[in-house]
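Note sheet for the following structure.
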Ligand code: DLL
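Quick look at the structure:
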């Protein structure tokens with residue numbers, strides 16, 4: 004199957020502009036009358052729904068930041084009564100406050116639609132066996148891909164993440180044709196496969212939809228070579244819908260955005276000025292069909308650029324370039340979003356160490372490793388080993404329960420961590436991605 008929904012995926016620019024404008028006008032009315040937060044923001048800017056008549060007017064609207072979701076935690080930006088919400092997801096956030104997102108029945112339907120487009124980009128159809136090795140749960144990866152795969156009519160294998168040996172056994176026995184997981188997990192699976200003596204020729208695998216974290220061209224070649232598949236990049240974020248916000252097609256030359264649902268802009272993260280097509284900057288999205296949590300000009304912090312030229316695959320939907328970095332300090336470690344400030348607040352809460360710490364991220368055997376170095380206080384330094392080990396364990400445990408990620412904690416001698424005269428350097432990222 005080449006396209007899932009050619010009407011929208013291959014629509015002319017004029018027609019798409021018409022669809023987007025109509026939906027934008029409606030969304031702005033809806034948020035103005037249903038979400039006090041947006042009404043206040045618009046009133047402060049001196050604008051009313053009637054001022055938004057065209058896509059050009061988009062830039063008059065206020066931005067929405069991740070912090071706004073935290074400040075209105077958990078449901079403050081929802082635009083429908085809670086009784087209309089049929090699903091909640093969340094993504095990790097600073098100091099324990101998660102970013103909570105809600106979907107109405109129609110939102111779930113929209114999500115299945117955009118995910119079906121993504122999977123069709125990887126060649127999925129009714130005959131496909133799709134192994135969903137993204138995590139199921141509050142994370143949007145597992146269920147997002149799941150609903151899209153069912154929409155297509157493929158056979159879904161909802162295995163979730165982890166238990167690599169079983170993943171490989173199932174991939175072989177069940178005849179998986181499409182694998183969905185993070186690129187680093189795909190590479191890890193390839194390695195375990197070689198170790199287990201399974202040859203790629205024994206598998207029916209044809210393609211993989213990999214995302215939720217940045218990955219390089221080298222990593223793609225390695226995955227494609229070792230698994231013998233087409234590996235495409237899929238992008239998304241919980242706030243906008245989850246996976247399904249953009250996807251590469253077989254041309255692998257940018258990720259198509261379902262613009263009839265999400266309108267992208269690229270801005271300069273410092274001046275907040277909208278940049279012309281082709282410029283690199285921060286990606287901003289406005290959702291124009293979401294009911295539960297419509298967001299206006301949401302600052303993703305992801306760095307990308309937009310290309311409006313028609314793609315070789317025939318799709319006209321705008322393409323965003325692969326996300327290469329962020330305009331904030333968020334790290335993605337084994338698919339989990341981590342802010343250094345989260346670690347800092349764990350340390351402050353425990354309060355038994357010096358306030359100097361360093362996160363060292365590395366990739367060993369294709370898996371991300373996080374090591375947290377924390378300085379001991381002068382008093383503690385002379386303490387017995389057992390007490391130091393106990394504290395390391397306590398910090399590790401606390402990091403795991405607040406961030407949901409395993410870290411190796413190392414208490415280091417006072418004054419080992421380099422001091423900075425400007426912005427403190429909290430992270431050393433040794434991963435070559
Ligand atoms: O990671 C949704 C997702 C699930 C996308 C499965 C693709 C596949 P969050 O946990 O909210 O949602 O994290 C969103 O992850 O702002 C990016 O910084 C990063 N990210 C997601 N996809 C990619 C990608 C999901 N393909 C944050 N390349 C986003 C680079 C990505 N970064």
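In the numbering used here, the protein residues as written are 4 to 436. By construction, the Cβ of each residue, glycine as well, lies at the ideal position given by its N, Cα and C atoms. Predicted model only: the values in this text are computed from it and were never measured.
{"Check": "Residue 251 beta carbon less than 7 Å from that of residue 271", "Outcome": "no"}
{"Check": "Contact check, residue 220 vs residue 238, beta carbons under 7 Å", "Outcome": "no"}
{"Check": "Paired residues, beta bridge with residue 286 - DSSP", "Outcome": "269"}
{"Check": "Rounded separation between residue 97 and residue 43 - CA only", "Outcome": "Any reading at residue 97 is ruled out, since the residue's pLDDT is 49, under 50, leaving its predicted position unreliable."}
{"Check": "Rounded C-alpha distance that separates residue 437 from residue 367", "Outcome": "The question about residue 437 has no answer here: the residues shown for the chain are numbered 4 through 436."}
{"Check": "Extent of the continuous beta strand (DSSP E) to which residue 92 belongs", "Outcome": "88 to 94"}
{"Check": "CB-CB length for residue 292 against residue 107, believed under 8 Å", "Outcome": "That belief does not hold up - the Cβ atoms of residue 292 and residue 107 are roughly 11 Å apart, past 8 Å."}
{"Check": "Collapsed DSSP secondary structure at residue 39 in the structure displayed", "Outcome": "helix"}
{"Check": "Whole beta strand (DSSP E) elements within the segment 184 to 229, 3-residue minimum", "Outcome": "210 to 214"}
{"Check": "Between the CA atoms of residue 94 and residue 215 - distance to the nearest angstrom", "Outcome": "12 Å"}
{"Check": "Coarse secondary structure for residue 329, derived from DSSP in three states", "Outcome": "strand"}
{"Check": "Residue 343 to residue 15 span [Cα, whole Å]", "Outcome": "44 Å"}
{"Check": "Start-to-end residues for the alpha helix (DSSP H) that takes in residue 144", "Outcome": "143 to 155"}
{"Check": "Proximity test, residue 217 beta-carbon vs the ligand DLL heavy atom, cut-off 6 Å", "Outcome": "yes"}
{"Check": "Member of 302, 50, 430 and 76 whose CA lies at the smallest distance from the CA of residue 440", "Outcome": "Absent from the structure is residue 440, since the part of the chain shown begins at 4 and ends at 436."}
{"Check": "For residue 11, the three-state DSSP class (helix, strand or coil)", "Outcome": "helix"}
{"Check": "Per-residue DSSP class, three states only, for residue 97", "Outcome": "Note that residue 97 scores 49 on pLDDT, short of 50, meaning its location in the model is unreliable; the coordinates nonetheless yield the value given after this. Reduced to three states, the DSSP call for residue 97 is helix."}
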